[in-house]
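Chains A and B supply the protein sequences, listed in that same order. For the first sequence, the UniProt record's numbering assigns the number 1 to the initial residue and increments by one for each residue that follows. For the second sequence, the UniProt record's numbering assigns the number 1 to the initial residue and increments by one for each residue that follows. Each residue gets a CB set at the ideal place from its N, CA and C atoms; glycine is no exception.
There are 2 protein chains.
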Amino acid sequence: MSIQAVELIKAYRLLNIGATTLISAKHDGVENVMAAAWVGALDYQPPKVTAVIDKIAYTRPLIEKSGCFAIQIPVAAQAELVLAMGESRHDHPDKLANVPLFYPPGFDIPLVQGCAAWLVCRLINEPHNQQAHDLFIGEVVAAWADERIFKHGHWQFDNAPDEWRTLHYVAGGQFYAIGKGFNLKQGSNVDD
Amino acid sequence: MSIQAVELIKAYRLLNIGATTLISAKHDGVENVMAAAWVGALDYQPPKVTAVIDKIAYTRPLIEKSGCFAIQIPVAAQAELVLAMGESRHDHPDKLANVPLFYPPGFDIPLVQGCAAWLVCRLINEPHNQQAHDLFIGEVVAAWADERIFKHGHWQFDNAPDEWRTLHYVAGGQFYAIGKGFNLKQGSNVDD
């Protein structure tokens, strides 16, 4: 099994490279997954995140009512799925029909299989930010990554197939995959 | 001259790929530049951004007092500079000595030469976010990009030298450059 827990103090590194994400949530038996590029780290310890979620998003009330959401980092092989998850379930009621979901141990929240990493977040309720800016803040309470591409607290893309690289969406169907890695502090402990 | 104005409605695309940024500001004749990975888009029109800026950052009071900051998107050739700008001016008073700055027309704010793009932002004062979360919100009032790598509203890395690719910082000196591009909606108008 290549999915391993990520230390919470290093969870921000999953978000630091600015990949496009998928956000999932569940309330009262209803699941959804949406694509979201406007997600980022907010704090180290406890780890916090921001996510911009429009008022028309089907996922938004699922988050508001359950107080929980998950951020996942999809990979290049999932680009078509990411575009599909950018369509609203209001318009496409069956959008999840072919999306492989799983439930992590200890949390009643659906996650998308095949991603590079997953972060389960507890909503920190901030009515002003949510209403005025569509801005949601969450505390990361658990995180996992595929250790074939994130290990020892660092991304490890250079020895992995290109299909496992993270996605960085521009607009109009245009994506970039993450590219070449380099380290300017060679000799530093890669676990740092 | 390869620096061209970016339509404000498309300014979010400069941030969408999640590159690590430099934030600059100036107050009362004092300039500073800091590295910041936790910067992202918040809205389309008017375009807004979020930026996480620690209370110990030298740049923070320059922003609070001037009500203005600039986000710039550095490129791979500037990776050493980005790491250097990650050190505080409190500890390195001369950190800007070798940083080539310029002033854009119409704004009294220093920008770093050689970046891929620049966004000048007016601070939207939100005391709770700033105090509780170190979270700053700005409205983008002007944006420019190097049209050799951002043109017609889209990034154009695939025909540019690798040194012009955006940087995506992990931790401990580890960076990735943005990689290969692809479009899943071939035939769509690239100006969309």
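- Under the criterion of beta carbons closer than 8 angstroms, residue 56 (chain B) and residue 23 (chain B) do not qualify as touching, at roughly 14 angstroms.
- Under the 8 angstroms Cβ criterion, the segment 167-181 of chain A counts as touching the segment 11-19 of chain B, having at least three qualifying pairs.
- When secondary structure is reduced to three states using DSSP, residue 55 (chain B) falls in the coil class, being assigned neither helix nor strand.
- Around the beta-carbon of residue 125 (chain B), fewer than 16 other beta-carbon atoms lie within 10 Å, marking it exposed.
- Counting along the chain, residue 42 (chain B) sits inside the beta strand (DSSP E) bounded by residues 39-43.
- Residue 50 (chain B) is a Cβ neighbour of residue 39 (chain B), given a cutoff of 8 angstroms.
- Cβ neighbours of residue 4 (chain A) within its own chain (closer than 6 angstroms, five residues either side excluded): 147.
- Annotation: Cβ neighbours of residue 50 (chain A) in chain B (cutoff 8 angstroms, chain order): 40, 50, 135.
- By DSSP's assignment, residue 167 (chain A) forms a beta bridge with A:177.
- With respect to residue 162 (chain A), residue 177 (chain A) sits close: the two C-beta atoms are nearer than 8 angstroms.
- About 4 angstroms separates the Cβ atoms of residue 101 (chain A) and residue 110 (chain A), confirming a contact at the 8 angstroms cut-off.
- In this structure, residue 121 (chain B) sits near residue 140 (chain B), with a CB-CB distance shorter than 8 angstroms.
- Short of 8 angstroms from the beta carbon of residue 180 (chain B), and not among the five residues preceding or following it, lie these beta carbons of its own chain, in chain order: 158.
- One finds 170, 174, 176 in chain B with Cβ atoms closer than 8 angstroms to the Cβ of residue 155 (chain A), taken in chain order.
- In this structure residue 97 (chain A) is exposed. Its beta-carbon is surrounded by fewer than 16 other beta-carbon atoms within 10 angstroms.
- With a 10 Å radius around the Cβ and a threshold of 16 neighbouring Cβ atoms, residue 174 (chain A) comes out buried.
- Shown here for residue 89 (chain B): same chain residues with a beta carbon closer than 6 angstroms to its own, the five before and five after excluded, namely 32, 58, 95 in chain order.
- At a cut-off of 3 residues, the continuous stretches assigned as beta strand (DSSP E) that sit fully inside the UniProt domain "Flavin reductase like" (13-152) of chain A are 21-27, 30-36, 39-43, 48-52, 68-73, 117-124, 135-146.
- If you draw a straight line from the Cα of residue 137 (chain B) to the Cα of residue 91 (chain A), it comes to about 32 angstroms.
- Per the C-alpha coordinates, the member of B:2, B:81, B:82, B:10 positioned closest to residue 48 (chain B) is B:10.
- Look at residue 185 (chain B): its C-beta is under 8 angstroms from a C-beta on chain A.
- Any Cβ of chain B closer than 8 angstroms to the Cβ of residue 182 (chain A) would place that residue at the interface, and such an atom is present.
- Contact annotation for residue 83 (chain B) against chain A: 184 [CB-CB distance below 7 angstroms, chain order].
- The Cβ atoms of residue 20 (chain A) and residue 82 (chain A) lie closer than 8 angstroms to each other.
- Cβ contact annotation for residue 130 (chain B) (same chain, cutoff 7 angstroms, sequence separation greater than five): 136, in chain order.
- Listed in chain order, the non-local C-beta contacts of residue 99 (chain B) below 7 angstroms within the same chain comprise 33, 81, 112, local neighbours out to five positions each way being set aside.
- Distance from the CA atom of residue 76 (chain B) to the CA atom of residue 127 (chain B), rounded to whole angstroms, is 35 angstroms.
- Within chain A, not a single residue places a beta-carbon under 8 angstroms from that of residue 9 (chain B); the smallest gap is close to 11 angstroms.
- Around residue 37 (chain B), the beta-carbon contacts reaching into chain A at under 7 angstroms are 16.
- What residue 145 (chain B) touches in chain A, judged by beta-carbon distance under 8 angstroms, is nothing: the nearest beta carbon there is about 12 angstroms away.
- Shown in chain order are the members of the segment 64-92 of chain B whose Cβ falls below 7 angstroms from a Cβ of chain A: 79, 80, 83.
- Using beta-carbon distances, residue 57 (chain B) does not count as an interface residue toward chain A, since no partner is under 8 angstroms.
- By the criterion of a C-beta distance shorter than 8 angstroms, residue 79 (chain A) is surrounded in its chain by 167, 175, once the five residues flanking it on both sides are discounted.
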